[in-house]
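J.: Attaching a single structure in structure tokens format; questions to follow.
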Amino acid sequence: MNNSVFQDLVHVQSCDTESLSLSNVTGKTVLCYAPAQAAITPPRAELHSLINRTIEAGAKGLIFAQYTVNLLEILTSCEGFMSCALVDFEIAQRIASYSKMTESPVVKISPAVSVVGNGVLSPYVASFSSRGPSLAFPRILKPDIAAPGVGILAAERDSYVFHSGTSMACPHVSAVTALLKSVHPNWSPAMIKSAIVTTASVTDQFGMPIQANGVPRKLADPFDFGGGHMDPDRAVDPGLVYDLDAREYNKFLNCTQGLSDGCKSYNLNLNLPSITVPDLKGHVILRRTVTNVGPAEATYHLVVEAPAGIDVSVEPSVISFTQGNSRSATFMVTFTTRQRVQGGYTFGSLTWSDGSTRSVRIPVAVRTVIQDFVADTS
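Whatever position you read off the sequence shown (first residue = 1), add 253 for this note's numbering.
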């Protein structure tokens, strides 16, 4: 239902049952704007019940103020009952100020429009997307990768609907995995994963850093998107991959079940396309091995983006492959903290580049600590 004329506007703050009952909202458009409560009741959890309460109160329109979060599919609950619109807090503040300063405020909700192409900020990380670090396995970076998962047109029964969530992102990653396997049938699962992670993009279509929705919106980091937003075209020819065989996964499984010794060192040296050091007290040395899946003759130079407050050294910083010799090379990475603090995570990356088209980037996350089982809770 769309408003074709202006309607009376009433600002009802949080729009809880009591506030709606105390306000004369019948036949009016209600502004629900209570930013102080957003951290207590997330918009995704609140909006559906709020729509029902507003309809029951007799309102004919709803303007819901929210931080940057994806809620459009929930607005289908308004269809046939009232016009609904989503605005951010800045716009809501302007509407609220207008309502307060005007004796008889009115508003008209116009039909939504679609914006495509260069007018759209994309990609960005959805507010509901799972975030790291991994609590059970802090030395394993999670998530691994980001993929399209918001407002995806999906088949449902005999029709199509827009859905969001992991159920939408997973098919994208699965499809890219299948395509890579068809091009490289001899690649292991770890090689395919590495190709996807190390060639992902950390910038949007304008070359700006990817942003992450939340409270507030911020620049995304590896705990938001892992290696970044996947890029299938680049993944098909990564140049280098970080490989693992089933025996390594079995050793990791034994570590998770307490059946092996030396698991801390093993987890740090697990040949993943990422590095996470959750408890750096002074310095630590770990290793990674890359396998050349590109041209037999190739030289790669390392570009280091060091996490803030951390010194990073890598040996060697140049690796060369020649015809007839080994297609694998191992390098050692040393992280040294510049301050003794019980700190938070800082982020960086290690990127092997052949100076041409291949750039193989792994994300790095490091947290400094003074001692175990001590947290900065102030």
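We put the CB at the ideal spot given by N, CA and C, even for glycine.
Based on the DSSP secondary-structure assignment, which residues constitute the bridge partners of Glu-409?
T.: Glu-409 is bridged to Ser-412.
J.: Report the option in Ser-447, Tyr-519 and Pro-485 whose CA atom is closest to the CA atom of Glu-501.
T.: When only C-alpha atoms are compared, the closest one is Tyr-519.
J.: Can you name the residues that DSSP bridges to Trp-605?
T.: Note: Trp-605 sits in a beta bridge opposite Leu-555 and Val-613.
J.: Going by other Cβ atoms of all chains shown within 10 Å of its Cβ, with 16 needed for buried, is Val-414 buried or exposed?
T.: With fewer than 16 Cβ atoms within 10 Å of its Cβ, Val-414 is classed as exposed.
J.: What did DSSP end up calling Arg-620 once you bin it into helix, strand or coil?
T.: The answer is strand: DSSP assigns Arg-620 an E or B state.
J.: Could you check the C-alpha separation between Ser-581 and Leu-555 for me, to the nearest Å?
T.: Taking the straight line from one Cα to the other gives about 16 Å.
J.: For the stretch 407-460, list the alpha helix (DSSP H) runs that are entirely contained and at least 4 residues long, ordered along the chain.
T.: For the stretch 407-460, whole alpha helix (DSSP H) runs of length 4 or above, ordered along the chain, are 419-436 and 442-451.
J.: Starting from Phe-476, follow the alpha helix (DSSP H) in both directions and report where the run begins and ends.
T.: Phe-476 -> alpha helix (DSSP H) spans 475-478.
J.: Starting from the Cα of Arg-470, find the closest Cα among Arg-487, Tyr-351 and Ser-380 and give me that residue.
T.: Out of Arg-487, Tyr-351 and Ser-380, Ser-380 has the C-alpha closest to the C-alpha of Arg-470.
J.: Measure the C-alpha to C-alpha separation of Leu-284 and Phe-334 and round it to an integer number of angstroms.
T.: Rounded to the nearest angstrom, the two C-alpha atoms are 16 Å apart.
J.: Here's the rule I'm using: 16 or more other beta-carbon atoms within 10 Å means buried, otherwise exposed. How should Phe-476 be labelled?
T.: Its Cβ being crowded by 16 or more others within 10 Å, Phe-476 is buried.
J.: Could you name the residues of the same chain whose beta carbon sits closer than 7 Å to that of Val-322, not counting the 5 residues immediately before and after it, in chain order?
T.: Around Val-322: Pro-296, Arg-297, Ser-380 and Asn-466.
J.: Quick one: residues in its chain with C-beta nearer than 6 Å to the C-beta of Phe-600, no 5 flanking neighbours on either side, listed in chain order?
T.: Cβ neighbours of Phe-600 beyond the five flanking positions: Asp-474, Pro-475, Pro-560 and Ala-618.
J.: Measuring CB to CB, does Tyr-286 end up less than 7 Å from Ala-312?
T.: Not in contact: Tyr-286 and Ala-312 (Cβ atoms no closer than 7 Å).
J.: Leaving out five residues on either side along the sequence, give the residues of the same chain with a beta carbon under 6 Å from the beta carbon of Leu-328.
T.: Same-chain partners within the cutoff: Cys-337.
J.: Going straight from the alpha carbon of Pro-616 to that of Thr-552, what length do you get?
T.: Rounded to the nearest angstrom, the two C-alpha atoms are 21 Å apart.
J.: Based on the DSSP secondary-structure assignment, which residues constitute the bridge partners of Glu-568?
T.: Paired residue(s): Met-585.
J.: Within a Cβ cutoff of 6 Å, which residues of the same chain sit near Thr-529, ignoring the five residues on either side of it in sequence?
T.: For Thr-529, where only same-chain residues beyond five positions count, the Cβ hits under 6 Å are Arg-392, Leu-394 and Ala-618.
J.: May I ask you to report which of helix, strand or coil DSSP gives Pro-462?
T.: It is a strand residue.
J.: Can you tell me whether Asn-371 is helix, strand or coil according to DSSP?
T.: Here Asn-371 sits in helix by DSSP.
J.: Compute the Euclidean distance between the alpha carbons of Leu-406 and Gln-346, then round it to the nearest angstrom.
T.: If you take the alpha carbons of Leu-406 and Gln-346, they lie about 33 Å apart.
J.: So, is Thr-270 buried or exposed, given that buried needs 16 or more other C-beta atoms within 10 angstroms?
T.: By the 10 Å Cβ count, Thr-270 comes out exposed.
J.: Would you decide whether Leu-315 is buried or exposed? Buried here means 16 or more other CB atoms lie within 10 Å of its CB.
T.: Under this definition Leu-315 is a buried residue.
J.: How far does the alpha helix (DSSP H) with Pro-296 in it extend, from its first residue to its last?
T.: Taken as a continuous stretch (DSSP letters only), the alpha helix (DSSP H) holding Pro-296 covers 296-309.
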